[in-house]
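Scroll down for the structure; my scribbles are underneath it.
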Amino acid sequence: MTSSETPIYRYLWANDPAVGQISPGRLIQGRYEVVSPQIWRDTQPEQPPYIPEELPDEIIPYLRLFPQRLHVPEVHGWAVLGEEPETALVALLENVPIDADGDLYPSIVEAWTGVSATRQVYWLWQILQLWAPLSEQGVASSLLFADNIRVQGWRVWLRELYGDGGAEQITSEQPTFLTPTIKDLGNCWLQLSEAAAPSVAGQLRAIATQMTNDEVELDAIATQLNQLLLSQSAQLPLRIYVAGETDTGPQRATNEDACYPTPSDLQEATTQPNDLLIPHLNLVCDGIGGHEGGEVASSLALQTIKLQLRALLVEIAEQPDIVPPTLIADQLAAIVRIANNLISNQNDAQGRESRARMGTTLVMGLQLPQRIRFANGEELGNAHELYIVSVGDSRAYWITADYCQQLTIDDDVATREVRLGRSIYREALTRADGGALTQALGTRDAQQLHPTIQRFIVEEDGLLLLCSDGLSDRSLVEQSWKEYAKPVLKGKLSLDAAVQSWINLANEQNGHDNTSVVLSCYFVSEEPPTLFDPKQVETKIQSPDTRLQSELTAASRALLYDESTGIQKAEPTPSPGRRNLLTLLGVLAFLVIVGVGGYALWLTSKPQTSPPQSVPEAPQ
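What follows is the structure in structure tokens.
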């Protein structure tokens, strides 16, 4: 999001129970219309709200938890109740679980019995992931009150944050916890487990009971809950369709973007059915650096990451047990850092310094087809895990027929100021440098690079949209998603057509930049769509690791595995596959340097006068 943008949020949450006494219909400050107790509508969203010179301590947790904005509200500003200097200020929260009609989304208890077993476990898994960051900010109590935990589809969404350590009442019925513990959370979950779906009720009850033990460790609970989640999600069907395209735009001479897959990649996949990167990998890079440096950086990052992910998929497919999300995240971070160092080394070799250094943003979606094995010998080939990796300001969105959710946050100055507790986001966006990037691949050493990695579970029909800021600027995705979501999901509009329409919109509204769009459609429903373009690529349940091994050349396999002794299986341990996966990274680094070095030299040696390569037309 650029600094000139003003996000529009229609409804706000007044973060003070006392304002519940204000009659609906009243207009506060001539601007905020009281809709219902604590729900106000901003009638002048284009106007900046009042912000005190010194931010109150009680809103700092909201700022520091900005990376959790999928689940945690943001501070909009303050309303002044009266004309006197001592008049109370009421903090107003945006990005709150309120629907388009001004009603709160249902609480987790209200929605609990009407959803699948997979979603029930997924909600609890999200809560457990929030426990550590909220505890660090002293607001873990927020996760102990069912009425405060709202749900929108798959997502857990907090209404507000409650501080820990106080003796006051949050409301007359809800006391704060002096020192919230996992035991307190376990007691809350025991109540939910009693009404859980029969297929998971017993296991959830056992997990919740363990949490009430003073000796329990959070990691042990996370492992058990993850195993239960994946065993449930793996039983769902999954079909994936993908399309992608990159466009120079009407005002640029060259295209510094790169994306995967493009129409040519999809065409090649029809003759190379063993290329399991399609449809599982989506990737967008937006190069920076000028003098073709951006083009080199984005292309180098894309090719490097593709090579490494092929090898990683091989290794994960061979693990006898579930590879935990923390370990997978570590491997993805290491892969990104290897790509970063290759670009950085090119900068050093060419003597590029400061702003002359080439770099690239990155947003990547990896649907990991991890196999799940059951005690009875049954094996399912895809646990529906979706990993999103981001560096810079290229974005990922999850879109259904009912909502559009931005999954990533921008690595820019505005975000940095909020995370440091210095400013609210709306105010930080007005800075002249608010949209300036704080990190990108290749601009600095890998030790200073901190990619954001998130794990999701695909348990509903939806679209994953990855795009560069050529599309996301000026909130074009938020303004346009409804035009495409239902037609695509119902099979009335092809992915190719949706991608091209979004690119055309970007060229019309944000024509100052290149644009890349990669769109994947995920179906978990039983009935497949009937009107999709038959040229689209569809996934099937992934099986044999022999298919994955065929991705590699004989030379690569010889480096990865000692073929004289066969592929060595990791012994089952509490951390399955950790030794093999960690070792793999060192080998990958060598492979990448050898395999991509020539490619980088070719890119950097291209004549600057050469025109950009044309993009093949999408199949009709």
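Here numbering that gives the first Met the number 0 is used: the first residue of the sequence shown is 0, the next is one more, and so on.
Ideal Cβ positions, reconstructed from N, Cα and C, are used throughout, including at glycine.
Predicted model only: the values in this text are computed from it and were never measured.
Exercise. What do you get for A218, buried or exposed, if any count of 16 or more other CB atoms within 10 angstroms of its CB means buried?
Worked result: Numbered from 1 along the sequence shown, position 219 holds the residue referred to as residue 218. As written in the sequence, residue 218 is Asp, which differs from the Ala given in the question. Burial call: exposed.
Problem set entry | alpha helix (DSSP H) runs wholly inside the segment 42-120, at least 4 long, in chain order | 59-63 and 107-111
Problem set entry | Best match in T178, A139, W153 and G152 for proximity to E159 [C-alpha to C-alpha] | Along the sequence shown, one-based indexing puts residue 159 at 160. With distances taken between Cα atoms, E159 lies closest to A139.
Problem set entry | Entirely enclosed alpha helix (DSSP H) segments - the segment 226-270, minimum 4 residues | 262-270
Exercise. Going by C-alpha distance, which of A355, Q438, V283 and S493 is nearest S515?
Worked result: Residue numbering aside, residue 515 sits at position 516 when the sequence shown is read from its first letter. Closest by alpha carbon: V283.
Exercise. Between the Cα of G391 and the Cα atoms of G380, F373 and A413, which residue gives the shortest distance?
Worked result: Taking the sequence shown and counting its residues from 1, the one referred to as residue 391 is at position 392. Here the closest residue by C-alpha is A413.
Exercise. Touch check for the segment 398-412 and the segment 321-338: three-plus C-beta pairs under 8 Å?
Worked result: no
Exercise. Measuring CB to CB, does A296 end up less than 8 Å from G358?
Worked result: Position 297 of the sequence shown, counting from 1, holds the residue named residue 296. Position 359 of the sequence shown, counting from 1, holds the residue named residue 358. In this structure, G358 lies closer than 8 Å to A296 by Cβ.
Exercise. Can you give, in chain order, each stretch of the beta strand (DSSP E) that sits fully within the segment 371-424 and has at least 3 residues?
Worked result: 384-390, 394-398 and 403-405
Problem set entry | Cα-Cα separation between L203 and S474, rounded to whole angstroms | Here residue 203 is taken as the residue at index 204 of the sequence shown, counted from 1. Here residue 474 is taken as the residue at index 475 of the sequence shown, counted from 1. Near 40 Å, if we compare the C-alpha coordinates of S474 and L203.
Problem set entry | Minimum Cβ-Cβ distance from N513 to chain E less than 8 Å | Reference to chain E is not applicable here, since this structure consists of a single protein chain.
For this session: Could you tell me whether the Cβ atoms of I239 and Q366 are closer together than 8 Å?
Result: Here residue 239 refers to the residue found at position 240 when the sequence shown is read from its first residue. Here residue 366 refers to the residue found at position 367 when the sequence shown is read from its first residue. Yes, these two residues count as a Cβ contact at 8 Å.
For this session: Please say whether V155 and W130 have beta carbons closer to each other than 8 Å?
Result: Along the sequence shown, one-based indexing puts residue 130 at 131. Along the sequence shown, one-based indexing puts residue 155 at 156. Taking 8 Å as the Cβ cut-off, W130 and V155 do not qualify as a contacting pair.
For this session: Note the first and the last residue of the continuous beta strand (DSSP E) segment covering G286.
Result: For the purposes of this step, residue 286 is taken as residue 287 along the sequence shown, with counting starting at 1. G286 -> beta strand (DSSP E) spans L280 to I287.
Problem set entry | Nearest-angstrom beta carbon gap, C466 and L494 [assumed within contact, 8 Å] | Numbered from its first residue, the sequence shown carries residue 494 at position 495. Numbered from its first residue, the sequence shown carries residue 466 at position 467. With a Cβ gap of about 14 Å, L494 and C466 do not count as contacting.
For this session: Consult DSSP for Q366 and reduce its assignment to one of helix, strand or coil.
Result: One-based indexing of the sequence shown puts residue 366 at position 367. Of the three classes helix, strand and coil, the one that applies to Q366 here is strand, per DSSP.
Problem set entry | Nearest neighbour of G81, chosen from I21, W124, G434 and E426 [CA to CA] | One-based indexing of the sequence shown puts residue 81 at position 82. That would be I21, whose Cα lies nearest to the Cα of G81.
Problem set entry | Bounding residues of the beta strand (DSSP E) (the contiguous stretch that carries Q151) | Along the sequence shown, one-based indexing puts residue 151 at 152. Its beta strand (DSSP E) spans residues I148 to Q151.
For this session: Quick one: grab the DSSP three-state call for V536.
Result: Residue 536 sits at position 537 when you count from the first residue of the sequence shown. Confidence is the limiting factor: at V536 the pLDDT is only 42, short of 50, which leaves the residue's position unreliable, though a coordinate-based value still follows. Note: V536 maps to coil in three-state DSSP.
Exercise. Using CA coordinates, which residue listed in I304, L229 and Q234 is at the minimum distance from D258?
Worked result: The residue given as residue 258 occupies position 259 in the sequence shown. Per the sequence presented here, residue 258 reads as Cys, with Asp not at that position. Here the closest residue by C-alpha is I304.
For this session: Give the secondary structure of L448 by DSSP, where H, G and I count as helix, E and B as strand, and everything else as coil.
Result: Start at 1 with the first residue of the sequence shown, and residue 448 comes out as number 449. Three-state DSSP puts L448 in coil, outside helix and strand.
Exercise. For T270, does the count of other Cβ atoms within 10 angstroms reach 16, so buried, or fall short, so exposed?
Worked result: Here residue 270 corresponds to residue number 271 of the sequence shown, with the count starting at 1. When all chains shown are included, T270 counts as exposed.
For this session: Alpha carbon to alpha carbon, how far is L189 from D41? Give it in angstroms, no decimals.
Result: The count along the sequence shown starts at 1 and reaches residue 41 at position 42. The count along the sequence shown starts at 1 and reaches residue 189 at position 190. Straight-line Cα distance between these residues: approximately 39 Å.
Problem set entry | Alpha carbon of A242 to alpha carbon of D274, nearest angstrom | Looking up residue 242 in the sequence shown gives position 243. Looking up residue 274 in the sequence shown gives position 275. Each residue's Cα considered, the two are about 15 Å apart.
Problem set entry | Contact check, I300 vs L103, beta carbons under 8 Å | Along the sequence shown, one-based indexing puts residue 300 at 301. Along the sequence shown, one-based indexing puts residue 103 at 104. The displayed chain sequence assigns Ala, not Ile, to residue 300. The answer is no: Cβ separation not under 8 Å.
Exercise. Under the rule that 16 or more other beta-carbon atoms within 10 Å means buried, what is Q43, buried or exposed?
Worked result: Numbered from 1 along the sequence shown, position 44 holds the residue referred to as residue 43. Q43 should be labelled exposed.
For this session: State buried or exposed for T117, treating a residue as buried only when at least 16 other CB atoms are found within 10 Å of its CB.
Result: Locating residue 117 in the sequence shown gives position 118, counting from the first residue. Buried: at least 16 other Cβ atoms inside 10 Å.
For this session: Using the Cα positions of Q37 and G420, report the straight-line distance between them to the nearest angstrom.
Result: Here residue 37 refers to the residue found at position 38 of the sequence shown. Here residue 420 refers to the residue found at position 421 of the sequence shown. About 25 Å.
For this session: Quick one: using the 10 Å Cβ neighbour count with 16 as the cut-off for buried, is D163 buried or exposed?
Result: Along the sequence shown, read from residue 1 onward, the residue named residue 163 stands at position 164. Per the 10 Å Cβ criterion, buried.
For this session: Can you tell me which of the three DSSP states Y161 falls into?
Result: Here residue 161 corresponds to residue number 162 of the sequence shown, with the count starting at 1. Coil at Y161, not helix or strand.
Exercise. Can you tell me the Cα-Cα spacing of I371 and N381, whole angstroms?
Worked result: Counting from 1 along the sequence shown, the entry for residue 371 is found at position 372. Counting from 1 along the sequence shown, the entry for residue 381 is found at position 382. Approximately 7 Å between the Cα atoms of the pair.
For this session: If I'm right that Q405 touches R415 with Cβ under 8 Å, what's the distance once you round it to whole angstroms?
Result: Translated into the one-based positions of the sequence shown, residue 405 becomes position 406. Translated into the one-based positions of the sequence shown, residue 415 becomes position 416. Between R415 and Q405 the Cβ distance is about 18 Å, and since that is not below 8 Å, they are no contact.
Problem set entry | Rounded Cβ spacing between G469 and N509 (contact assumed at less than 8 Å) | If you number the sequence shown from 1, residue 469 lands on position 470. If you number the sequence shown from 1, residue 509 lands on position 510. So it is a contact: roughly 6 Å between Cβ atoms.
Exercise. What whole-angstrom Cβ distance do N513 and T261 have, given they're in contact under 8 Å?
Worked result: Residue numbering aside, residue 513 sits at position 514 when the sequence shown is read from its first letter. Residue numbering aside, residue 261 sits at position 262 when the sequence shown is read from its first letter. About 14 Å separates the two Cβ atoms, so there is no contact after all.
For this session: Could you please give me the residues that DSSP links to E32 through a beta bridge?
Result: Counting from one through the sequence shown, the residue named residue 32 turns up at place 33. DSSP, once it has assigned bridges, lists L26 and R40 as partnering E32.
Exercise. So, H383 versus E314, is the Cβ gap smaller than 8 Å?
Worked result: Along the sequence shown, one-based indexing puts residue 383 at 384. Along the sequence shown, one-based indexing puts residue 314 at 315. The answer is no: Cβ separation not under 8 Å.
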